[in-house]
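Peer 1: Numbering (my numbering), first residue to last: -18 to 299.
All C-beta atoms, glycine included, are put in the ideal place defined by N, C-alpha and C.
Following this line, the structure appears as structure tokens:
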């Protein structure tokens, strides 16, 4: 099959992270298209890309449209059969590309990713960032193996629930196949966070396979090296900071919407207790942080719109 590839980056104030990523992408074969979409950065992100990769396609937006909408715009410009998403802070292992694109020789594969590491700890051990996205008991997609020391425990190819939005590689035909009622690939109501899990769910509903293969795809630090503590007071401070973080708010909202859009009756019966427990936990946290309770108003207001996008279990919309 045609294995032509676009590497697509969405950035927002990413100038500090981009040089390491771009230094590696400079070495890509010339036939690979590199596209950078900038979400109205206030720093020198655009200038950095233009200087380091003058052959890259650059799209500059006049506002921060979010991860989902920016990538959707990029998808509209894709002329290749495959597209790989690439976070600005990812350093790609170029040797992985032939193996990743080769998986698409399997006709049912719609998405694939390799092993992504955070880096090495103080003992020189590789720490895993993602070996594919799996569903938790509460139907909250999680990066498999994140934070674990890599001791080859994930060195088998398997089907996964989704591939990470930080480095997932997709078949464009599959993405076009699962566009929603608005013609969107990533759900732009999500803005950012969980849209990759939602996309994987929709791909699987439509009969596509999301796959992980055990080849090193790259390094993605994602907060690696931040100090953690086991003391209760500092754990409480960490929890409060996390709850008040806008990313947590997006993740909570999008988790609820994702379940409403995609879950089957079987899913609901199997996972209801764990979903309810997680919701109850967030409600309790809302009693000490009132804006979190206010988020539920936003979630509820969005339900009618989200339900219009609900898919049946064969990939069509209900």
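So if DSSP puts residue 197 in a beta bridge, which residue, or which two residues, is it bridged to?
Peer 2: Against the chain shown, residue 197 aligns to sequence position 216. In the DSSP output, where bridge partners are listed per residue, residue 197 has 96.
Peer 1: Considering just the uninterrupted stretch of the alpha helix (DSSP H) at residue 178, what are its terminal residues?
Peer 2: Walking along the chain shown from the start, residue 178 turns up at place 197. 176 to 186 is the extent of the alpha helix (DSSP H) around residue 178.
Peer 1: If you drop the 5 nearest sequence neighbours on each side, which residues of the same chain put their C-beta closer than 7 Å to that of residue -7?
Peer 2: Taking the first residue of the chain shown as position 1, residue -7 is located at position 12. Closer than 7 Å at the Cβ level, and outside the excluded window around residue -7, lie 20, 22, 45.
Peer 1: What's the gap between the Cα of residue 173 and the Cα of residue -17?
Peer 2: As a first step, residue 173 must be located in the chain shown, where it is residue number 192. As a first step, residue -17 must be located in the chain shown, where it is residue number 2. Distance between the alpha carbons of residue 173 and residue -17: 31 Å.
Peer 1: How about the region 125 to 135 and the region 229 to 246: do they share at least three Cβ pairs that are nearer than 8 Å?
Peer 2: Output reads no: the region 229 to 246 does not touch the region 125 to 135.
Peer 1: Who are the near neighbours of residue 27 in its chain, counting only those whose CB is closer than 7 Å to its CB and skipping five residues on each side?
Peer 2: By 1-based counting over the chain shown, the position of residue 27 is 46. Hits under 7 Å: 19, 39, 41.
Peer 1: Residue 112: buried (16+ other C-beta within 10 angstroms of its C-beta) or exposed?
Peer 2: Taking the chain shown and counting its residues from 1, one reaches residue 112 at position 131. Result: buried.
Peer 1: Taking the DSSP output, what are the residues bridged to residue 125?
Peer 2: Walking along the chain shown from the start, residue 125 turns up at place 144. Looking at the DSSP assignment, residue 125 forms no beta bridge with any residue, so it has no partner.
Peer 1: Could you have a look at residue 82 and say whether DSSP puts it in helix, strand or coil?
Peer 2: Along the chain shown, read from residue 1 onward, the residue named residue 82 stands at position 101. If DSSP states are grouped into helix, strand and coil, residue 82 belongs with the helices.
Peer 1: Taking the alpha carbon of residue 124 as the reference point, which residue from 178, 92, 83 has its own alpha carbon closest?
Peer 2: One-based indexing of the chain shown puts residue 124 at position 143. Closest by alpha carbon: 178.
Peer 1: Under the assumption that residue 289 contacts residue 162 (Cβ atoms under 8 Å), give the Cβ distance between them as a whole number of angstroms.
Peer 2: Translated into positions along the chain shown, residue 289 becomes position 308. Translated into positions along the chain shown, residue 162 becomes position 181. Confirmed, Cβ separation roughly 6 Å.
Peer 1: Hey, out of 50, -5, 78, 144, whose CA is closest to residue 197's CA?
Peer 2: The sequence position of residue 197 within the chain shown is 216, counting from 1. Among 50, -5, 78, 144, the Cα nearest to that of residue 197 belongs to 78.
Peer 1: Go through its chain and collect everything with a Cβ distance to residue 280's Cβ below 6 Å, but skip five positions before and after it.
Peer 2: By 1-based counting over the chain shown, the position of residue 280 is 299. Closer than 6 Å at Cβ, skipping near neighbours: 234, 237.
Peer 1: Going by CA-CA distance only, name the one from 183, 65, 168, 240 that's closest to residue 48.
Peer 2: Along the chain shown, read from residue 1 onward, the residue named residue 48 stands at position 67. Among 183, 65, 168, 240, the Cα nearest to that of residue 48 belongs to 168.
Peer 1: If you count every other CB in all the chains shown that lies within 10 Å of the CB of residue 102, and 16 or more means buried, which is it?
Peer 2: For the purposes of this step, residue 102 is identified with residue 121 of the chain shown, where counting begins at 1. Under this definition residue 102 is an exposed residue.
Peer 1: In terms of residues, what are the limits of the alpha helix (DSSP H) holding residue 140?
Peer 2: Counting from 1 along the chain shown, the entry for residue 140 is found at position 159. Counting along the chain, residue 140 falls outside any alpha helix (DSSP H), though it belongs to the beta strand (DSSP E) covering 139 to 141.
Peer 1: Who are the near neighbours of residue 274 in its chain, counting only those whose CB is closer than 6 Å to its CB and skipping five residues on each side?
Peer 2: Counting from 1 along the chain shown, the entry for residue 274 is found at position 293. Result list for residue 274: 267, in chain order.
Peer 1: Run through DSSP, which three-state label would residue 294 get?
Peer 2: As a first step, residue 294 must be located in the chain shown, where it is residue number 313. A caution first: residue 294 carries a pLDDT of 46, below 50, which makes its placement in the model too unreliable to give a value.
Peer 1: From residue 37 to residue 64, what distance separates their C-alpha atoms?
Peer 2: Here residue 37 is taken as the residue at index 56 of the chain shown, counted from 1. Here residue 64 is taken as the residue at index 83 of the chain shown, counted from 1. Answer to the nearest angstrom: the Cα atoms are 15 Å apart.
Peer 1: So, using beta-carbon positions, are residue 5 and residue 99 closer together than 8 Å?
Peer 2: The count along the chain shown starts at 1 and reaches residue 5 at position 24. The count along the chain shown starts at 1 and reaches residue 99 at position 118. Result no, Cβ atoms of residue 5 and residue 99 do not sit closer than 8 Å.
Peer 1: Starting from the C-beta of residue 153, find all residues in its chain whose C-beta is less than 8 Å away, skip the five residues before and the five after it, and write them out in chain order.
Peer 2: Counting from 1 along the chain shown, the entry for residue 153 is found at position 172. Hits under 8 Å: 56, 59, 61, 62, 63, 64.
Peer 1: Per the DSSP calculation, residue 65 is bridged to which residue(s)?
Peer 2: Position 84 of the chain shown, counted from the start, is the residue given in the question as residue 65. DSSP output for residue 65 lists -12, 150 as bridge partner(s).
Peer 1: How would you call residue 69, buried or exposed, if buried means at least 16 neighbouring beta carbons within 10 angstroms?
Peer 2: The count along the chain shown starts at 1 and reaches residue 69 at position 88. By the 10 Å Cβ count, residue 69 comes out buried.
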